[in-house]
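The working numbering puts the first residue of the sequence shown at 40, with every later residue one more than the last.
Here the structure is laid out as structure tokens; the discussion comes afterwards.
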Amino acid sequence: MPEIIAAPNAVPAEPPKQEMSALRMWTAVVGSTLGAFMAVLNIQIVNASLADIQGAIGAGKDDGGWISTSYLIAEIVVIPLSGWLSTVFSLRKFLLTNAMLFLFFSVACAFAMSLEQMIVLRAIQGFAGGVLIPMAFTIIITLLPKQKQPIGLALFALSATFAPAIGPTIGGYLSENYGWEFIFYVNLVPGALMIAMLWASLDRAPMNLGLLAKGDWPGIATLALGLAALQTVLEEGNKEDWFGSEFIVTLSVIAFVSLTLFLVIELKTAHPLLNLRLLLRRNFGAGIVSNFLLGMALYGSAFVMPIYLSRVQGYNAEQIGFVLAWTGIPQLLLIPLVPRLMKRFDVRVIIAIGFLLFAVSNFMNVHMTGDYAADQFFLPNVIRAVGQALVFAPLSVVATAGIEQENAGSASALFNMMRNLGGAVGIASLQTFLSKRQQFHSNILTDSVSLFEESTRLRIAKLTSYFLDHGVSDPATATHKAIVAIAMNIRKQSTIMAFSDTFYLLGVALIVALISGLFLKKPGHMSGGGGAH
């Protein structure tokens, strides 16, 4: 088994592709991909049941947000460290240890008795889960023969795009029918299977603890501090009124200074934690930009739609989950077919079509009305699913084409970190955009409703009459109710219009991602029109 390397101070071993049987190779790929799937799933599955968890452990609405934030902070911090740590402790030991920790702390979360306990347990779960994501990607691009990598990356796409889509469905169903604890118990069977597959497939290798003394510790410290501060700003900024909060301002300064120092350190040190010069390679750089925007749209869509269905249509978690299932089910059917398409067509064309379909699915939701609900979301969700399925694996193949063995850890860390950061930036931006646009439309609609307008007076009179006919005896009370009803309708309409604007913004981001994808060049050694790199 090769040692997956993120820092050039370790000597890469030769790839053992000739020594490893196909069965063990694919067992390692499937086992690690299952781990990545569970790690991503546990973000959305918990978000879908957050209200139930908050109530059970006595957490307030604002403080309860840290249940998700703690997981995301730990995850984003460990992703770029995973390649180097797997070199230090050996891939087998590092991955198996974190797989076991992830499973143990998943179950432990179900027994949390307070908010503080839940935050700590979720942070450790997020740290272990954050290891599983880049390690699965690294195993695919280092262990599999080049002609088989599109199949492996298609499997990995299930964790990156299918898990966020199906997470609310599973979370809503389990929470509504069995209780919130089962969103953590659900990890038991697949987690045990993951550990068994990794145990049986990964080669034993000695640890390289001597590398700890040679580690890029200034880079590690500045990156960890910077990412933790940045993730907290993105998660809590909207709630804290962004730069109106001293807490957010302080964290923003810490993030900026730390990440700037990290860039300087990485470009000057002889043995950097991450090889940032990979970003200068045309395909990897353009692929990173497209992947960042994909993360914005992927997690942004998964964030916006449940809020709309809950706030405007009054759906519960289970109902929301079934609506979102139509962004997941088609992917499950399509993703296995993508490697075949990549052999027949230019991979860049597949990526462009995928981004275009994903963008169109958002533009279809622009002209929303009060009746826009599950039935109206069906077709856009199916189109979105097709688009997502066509984007991820081909984009991963093109972006990582020609990445050397010694740079696999850096490439995996950067590619997965930027998608997750894109998701965090997307959600934070959409939260603020949604509230600002709702206020904007509310002001316009309120200004258009004037007591000097005959139509407004007629509307109030009609509603007053309605309330008097339905049990309200006092005319003044009936008039007050009529005015309140008009105000509530204005709020509802402004909210719907704000969501329409938000879907439009997501569509625009995907068009930009499509344009970025046009800068990709066709990798060499592609069979047919696309193929493996």
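Built from N, CA and C at the ideal position, the CB exists for glycine as well.
| Asked | Found |
| --- | --- |
| Determine, using beta carbons only, whether A440 comes closer than 8 Å to chain D. | The structure shown contains no chain D, having only a single protein chain. |
| In or out: N216 buried (at least 16 other Cβ within 10 Å) or exposed? | exposed |
| Can you tell me which of the three DSSP states K561 falls into? | coil |
| Between which two residues does the alpha helix (DSSP H) containing G210 stretch? | A202 to N216 |
| Suppose only complete runs of 4+ residues qualify. What are the alpha helix (DSSP H) ranges in the region 87-165, listed by chain order? | 89-96, 100-103, 105-117, 121-128 and 130-148 |
| Just tell me which of I179, I112, D410 and G276 has its CA closest to the CA of A447. | I179 |
| So, S340 versus N401, is the Cβ gap smaller than 8 Å? | yes |
| Would A309 be called buried (16 or more neighbouring beta carbons within 10 Å of its own) or exposed? | exposed |
| Quick check on this structure: which residue in L306, L154, F143 and A521 has the alpha carbon closest to the alpha carbon of L227? | F143 |
| Using the Cα positions of P28 and A325, report the straight-line distance between them to the nearest angstrom. | Coverage of the chain is limited to positions 40 through 572, which leaves residue 28 absent and any answer about it impossible. |
| Measuring straight from C-alpha to C-alpha, what distance separates Y354 and A452? | 37 Å |
| Determine the DSSP secondary structure at F431, reduced to helix, strand or coil. | helix |
| Which value, in whole angstroms, describes the spacing of the CA atoms of S60 and M139? | 25 Å |
| Verify whether the separation of the beta carbon atoms of V328 and A294 is less than 8 Å. | no |
| Tell me which residue opens and which closes the alpha helix (DSSP H) that F344 is part of. | For clarity, residue 344 is Met in the given sequence; the question names Phe instead. That run of the alpha helix (DSSP H) goes R321 to R350. |
| Between the beta-carbon of S291 and the beta-carbon of G265, is there less than 8 Å? | no |
| Which value, in whole angstroms, describes the spacing of the CA atoms of S88 and G210? | 6 Å |
| Got a sec? Which residues, its chain only, sit under 7 Å from F361 by beta carbon, not counting five neighbours each side? | T208 |
| Alpha helix (DSSP H) containing A391: first to last residue? | V386 to F402 |
| Please work out which residues of its chain come closer than 6 Å, Cβ to Cβ, to G393, disregarding the five sequence neighbours upstream and downstream, and give them in chain order. | G426, L429 and V430 |
| Which residues in the same chain as F558 place their Cβ atom closer than 8 Å to its Cβ, once the five residues preceding and following it in sequence are excluded? | R321 and A325 |
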